[in-house]
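Asks: full-length UniProt numbering puts the last residue of the sequence shown at 249; the count rises by one with no breaks.
Ideal Cβ placement from N, Cα and C applies to all residues, glycine included.
Note that the structure is a prediction, hence the values are computed from the model and not measured.
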Amino acid sequence: MDVKGEKKKRSFLVIGLGRFGAALCEKLAERGQYVIGIDSLPQPVNELADRIAVAAQLDVTDESALRKAGAAEADVAVVTIGEAVEKSILCTSILVEMGIPLVIARAANCLHAKVLERVGAHSVIFPERDMGFSIGEKLVYPWYSAFTHIGGGDFLLGRIRPLPDMLGKDMAQLKFSQKYKVIVILMEYGGAQHTPDAARPFEKDDKIWVLGHTADIGRLVAECDIADMPGAEEAKLSGVDQSARGRLY
C-alpha cells in the first residue's frame with residue numbers, strides 16, 4: 001500500500017552516459033528514482049556504478065542485452081546519444097517497439113529529429129540548442145530565471161511585489177491587465193494565498209503572481225530593481241539599465 005503523500009519511485013532508463021546522460025542519471029537518482037544507465041564504453045559506466053541502481057556496458061542496439069539490463073520494464077527511456085546518429089535511431093526504435101510508455105530521444109540536428117519522430121520517439125530534445133536559447137533569454141532578460149516557462153510557448157509565470165505606483169490602488173482602478181498586459185492569477189498577503197480581488201488596494205508587502213508573454217513580463221519587470229533579481233551580476237556585465245524602481249520577489 002502506498003503511503004499517502006509518498007512519491008512513487010519510477011524506473012528511468014538512460015542510454016548514453018556522456019556529460020548530459022551522466023548528469024541526468026545523477027539528478028534522477030538524487031531524487032530517489034530507480035535509474036538504469038547504459039553505455040557502450042566502460043569508463044562512464046564505472047564512474048556511475050555506485051551512484052545508480054544499474055550501470056551496464058553493452059551494445060545499445062542489442063535488444064536482447066537491453067532486455068537483460070531491465071530496459072523493457074522502464075517507465076521512461078531517454079536516449080542521450082547525439083553524434084552517433086545511426087545508433088541513436090536504432091536504439092530509439094528498439095525501445096519504442098518494447099512498449100516503453102515514454103521514449104525521449106536527443107537529436108543532433110533537424111534531420112536526425114525527423115527520423116527519430118518517424119521511428120516513434122514520443123519526444124525529441126535538443127539540449128545544446130535549448131541551453132543556448134535559455135542563456136540568450138537570461139542575457140537579455142536577467143530576471144528570466146525567476147519565472148517559470150509555461151508550455152512550449154513564450155509565456156511566463158512568476159511573482160513580483162507591487163510597483164510604487166500600484167500602492168493604494170486596486171486592479172480595477174489601475175486597469176491592471178489592460179495597462180500591464182499580464183494576468184494576476186494569485187495574491188499573497190497576510191501570510192496566506194488568495195484569489196485576486198479586483199477591489200482590494202495593493203499594499204507594500206503583497207506578492208503578486210502574474211502570467212504573461214515574455215515581452216510583456218519584461219516591460220513590467222523593467223520597473224523592478226535589478227539589484228534584487230536573480231541574474232543581477234549578468235545584467236551588470238551585459239549593460240542592462242540599473243535605474244529601476246520596485247522589486248521582484
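(1) Taking all protein chains shown into account, do 16 or more other C-beta atoms lie within 10 angstroms of the C-beta of residue 92, making it buried, or fewer, making it exposed?
(2) At which residue ranges does the UniProt domain "RCK N-terminal" (9-126) contain complete alpha helix (DSSP H) runs of 4 or more residues, listed in the order of the chain?
(3) Would you kindly work out how many angstroms separate the C-alpha atoms of residue 59 and residue 39, rounded to a whole number?
(4) Residues in the same chain with beta-carbon distance under 8 Å from residue 155, minus the five sequence neighbours each way, listed in chain order, please.
(5) If you draw a straight line from the C-alpha of residue 42 to the C-alpha of residue 194, how long is it?
(6) Excluding five sequence neighbours on each side, which residues of the same chain lie with their C-beta closer than 8 Å to the C-beta of residue 204?
(7) At the level of alpha carbons, what is the spacing between residue 157 and residue 18?
(8) Quick one: is residue 15 buried, meaning 16 or more other Cβ sit within 10 Å of its Cβ, or exposed?
(9) Can you confirm whether the segment 75-85 touches the segment 105-119 when touching is taken to mean that 3 or more C-beta pairs between the two stretches lie within less than 8 Å?
(10) Any idea if residue 229 is buried or exposed, counting beta-carbon neighbours within 10 angstroms, 16 or more meaning buried?
(11) Would you grab the beta carbon distance between residue 165 and residue 201 for me? Rounded to a whole angstrom, and I think it's under 8 Å.
(12) Just mark residue 44 as buried or exposed, buried being the case when its beta carbon has 16 or more other beta carbons within 10 Å.
(13) If you draw a straight line from the alpha carbon of residue 11 to that of residue 63, how long is it in whole angstroms?
(14) Relative to the C-alpha of residue 177, which residue among 27, 217, 138 is closest?
(15) Can you tell me whether DSSP reads residue 214 as helix, strand or coil?
(16) Indicate the three-state DSSP secondary structure (helix, strand or coil) for residue 140 in the structure shown.
(17) Measure the CB-CB distance between residue 36 and residue 69 and report whether it falls below 8 Å.
(18) Could you tell me the alpha carbon to alpha carbon distance between residue 28 and residue 49, rounded to whole angstroms?
(19) Tell me which residues share the same chain as residue 13 and place their Cβ nearer than 6 Å to its Cβ, disregarding the 5 neighbours each side in the sequence.
(20) By the 10 Å Cβ neighbour count, where 16 or more other Cβ atoms means buried, how is residue 123 classified, buried or exposed?
(21) Helix or strand or just coil, what does DSSP make of residue 255?
(22) Looking only at its chain, what residues have a beta carbon closer than 8 Å to the beta carbon of residue 125, apart from the 5 residues adjacent to it on each side?
(23) What residue from 21, 190, 82, 159 has the CA that sits closest to residue 221's CA?
Replies: On the basis of the supplied data:
(1) What you label residue 92 is simply residue 92 of the sequence shown in a count that begins at 1. Residue 92 is buried by the Cβ-count criterion.
(2) 19-30, 42-48, 63-68, 85-98, 110-118
(3) Position 59 of the sequence shown, counting from 1, holds the residue named residue 59. Position 39 of the sequence shown, counting from 1, holds the residue named residue 39. Each residue's Cα considered, the two are about 8 Å apart.
(4) Here residue 155 refers to the residue found at position 155 when the sequence shown is read from its first residue. Excluding sequence neighbours, residue 155 sits near 149, 211, 212, 213, 214.
(5) For the purposes of this step, residue 42 is taken as the residue at position 42 of the sequence shown. For the purposes of this step, residue 194 is taken as the residue at position 194 of the sequence shown. Going from the Cα of residue 42 to the Cα of residue 194 covers about 55 Å.
(6) As a first step, residue 204 must be located in the sequence shown, where it is residue number 204. Hits under 8 Å: 161, 162, 167.
(7) Numbered from 1 along the sequence shown, position 157 holds the residue referred to as residue 157. Numbered from 1 along the sequence shown, position 18 holds the residue referred to as residue 18. About 33 Å.
(8) In the sequence shown, the residue the question calls residue 15 occupies position 15. Classification of residue 15: buried, given that the 10 Å Cβ count is 16 or more.
(9) yes
(10) Residue numbering aside, residue 229 sits at position 229 when the sequence shown is read from its first letter. Bear in mind that the predicted position of residue 229 carries a pLDDT of just 43, short of 50, making it unreliable; the figure below should be weighed with that in mind. By the 10 Å Cβ count, residue 229 comes out buried.
(11) Against the sequence shown, residue 165 aligns to sequence position 165. Against the sequence shown, residue 201 aligns to sequence position 201. That belief does not hold up - the Cβ atoms of residue 165 and residue 201 are roughly 12 Å apart, past 8 Å.
(12) Taking the sequence shown and counting its residues from 1, the one referred to as residue 44 is at position 44. By the neighbour-count rule (16 or more Cβ atoms within 10 Å), residue 44 is buried.
(13) Translated into positions along the sequence shown, residue 11 becomes position 11. Translated into positions along the sequence shown, residue 63 becomes position 63. Going by the C-alpha atoms only, they are around 18 Å apart.
(14) Numbered from 1 along the sequence shown, position 177 holds the residue referred to as residue 177. When each option's Cα is compared against that of residue 177, the closest is 217.
(15) Looking up residue 214 in the sequence shown gives position 214. In the structure shown, residue 214 sits in a helix (DSSP, three-state: H, G or I).
(16) For this step, residue 140 is matched to residue 140 along the sequence shown. The answer is helix: DSSP assigns residue 140 an H, G or I state.
(17) Residue 36 sits at position 36 when you count from the first residue of the sequence shown. Residue 69 sits at position 69 when you count from the first residue of the sequence shown. Going by C-beta atoms, residue 36 is nearer than 8 Å to residue 69.
(18) Taking the first residue of the sequence shown as position 1, residue 28 is located at position 28. Taking the first residue of the sequence shown as position 1, residue 49 is located at position 49. Going from the Cα of residue 28 to the Cα of residue 49 covers about 14 Å.
(19) Your numbering for residue 13 matches position 13 in the sequence shown. Answer for residue 13: 36, 71, 74, 77, listed in chain order.
(20) Within the sequence shown, residue 123 is the residue found at index 123, counting from 1. Classification of residue 123: exposed, given that the 10 Å Cβ count is below 16.
(21) Since the first residue of the chain shown is 1 and the last is 249, residue 255 is not available in this structure.
(22) Taking the sequence shown and counting its residues from 1, the one referred to as residue 125 is at position 125. 104, 105, 106, 107.
(23) To locate residue 221, count along the sequence shown from 1; it is residue 221. The residue with the shortest Cα to Cα distance from residue 221 is 159.
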